[in-house]
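In the working numbering, the protein residues as written are 14 to 339.
Yeah, the Cβ is synthetic: ideal placement off N, Cα and C, and Gly gets one too.
Here the structure is laid out as structure tokens; the discussion comes afterwards.
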């Protein structure tokens, strides 16, 4: 694209042509018992706990302000002019936390006006590619938590290829291999068989769930998901945390805003406007938002959520950026 500076007398026709060229494109934009990102072998998802189930004294937490998805939708203001946001390549530091101290994080209050949009990939994936394309078109950084099993599906592989192509926008965390409940055992996605442990999984089982998934994520994205991981169903305890830390995952990423987007409206789940209102109403510096690449109304919610958050001065970034320097 020709430089415009120093051209004092550009013909009107050329100026109009350049203006058109510079126009910003618009983007195209689980537990059949409780589960978050994972879907059971049936088509219906069920709730993910808003905090670590049966957790044994999480080492570091910020009190979650998990909001109800049944909250009434509020009007989302659309700014008259587009607010500025970081251009691709500058919206994330790209520096993963190297501090190995164990932390269970729900939010990072010292992060100023930054907040993290995070997406689990452990169940249905129908709108996943469209969601990723919308994030790219909007210049939104995000942290994606895929499971190894879903990464091996056709759609999951496409998502990971997009992450690999856009490391300036996306980073990965580990969501285990099979999305099993690591405290009670059972569940899982897309099949329950690997999770049939007959009770609480052993430490070696938990370690393998993380290392097996990590190998797939590294090969497909070029990124090492360590040290970030998110326990399936938000279910963890002290033994699970210790097992995760022993294989390089001391940073347990939970959330402060739960969109409950895995639940369809027909089953009492939120509409797109309710999801967006939930996030915008509760957004604060350091918030960590839980969404799903298979969320039923997530795509439409993001279309209004992103400009509304930016109109409030929020910087949508990655978990690494939230933690960088805080």
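{"Check": "Per-residue DSSP class, three states only, for residue 208", "Outcome": "helix"}
{"Check": "Coarse secondary structure for residue 147, derived from DSSP in three states", "Outcome": "helix"}
{"Check": "Residue 111 classed as buried or exposed, judged by whether at least 16 other C-beta atoms fall within 10 angstroms", "Outcome": "exposed"}
{"Check": "The segment 319-338 / the segment 125-141 touching (three or more Cβ pairs under 8 Å)", "Outcome": "yes"}
{"Check": "Residue ranges of each alpha helix (DSSP H) within the segment 202-251, 4 or longer", "Outcome": "216-234"}
{"Check": "Contacting residues, own chain, Cβ-Cβ under 7 Å from residue 179 (five flanking each side not counted)", "Outcome": "149"}
{"Check": "Contact check, residue 157 vs residue 185, beta carbons under 8 Å", "Outcome": "yes"}
{"Check": "Contact between the segment 223-232 and the segment 194-210 (3+ Cβ pairs under 8 Å)", "Outcome": "no"}
{"Check": "Which of helix, strand or coil DSSP assigns to residue 328", "Outcome": "strand"}
{"Check": "Proximity of residue 274 and residue 234 at Cβ, strictly below 8 Å", "Outcome": "no"}
{"Check": "Helix, strand or coil at residue 335 according to DSSP, with G and I counted as helix", "Outcome": "helix"}
{"Check": "Any 3 or more C-beta pairs closer than 8 Å across the segment 285-296 and the segment 253-264", "Outcome": "no"}
{"Check": "Limits of the unbroken alpha helix (DSSP H) element including residue 294", "Outcome": "285-295"}
{"Check": "Euclidean distance between Cα positions of residue 11 and residue 155", "Outcome": "Absent from the structure is residue 11, since the part of the chain shown begins at 14 and ends at 339."}
{"Check": "Proximity below 8 Å, CB of residue 169 to CB of residue 147", "Outcome": "no"}
{"Check": "Span of the alpha helix (DSSP H) around residue 163", "Outcome": "161-164"}
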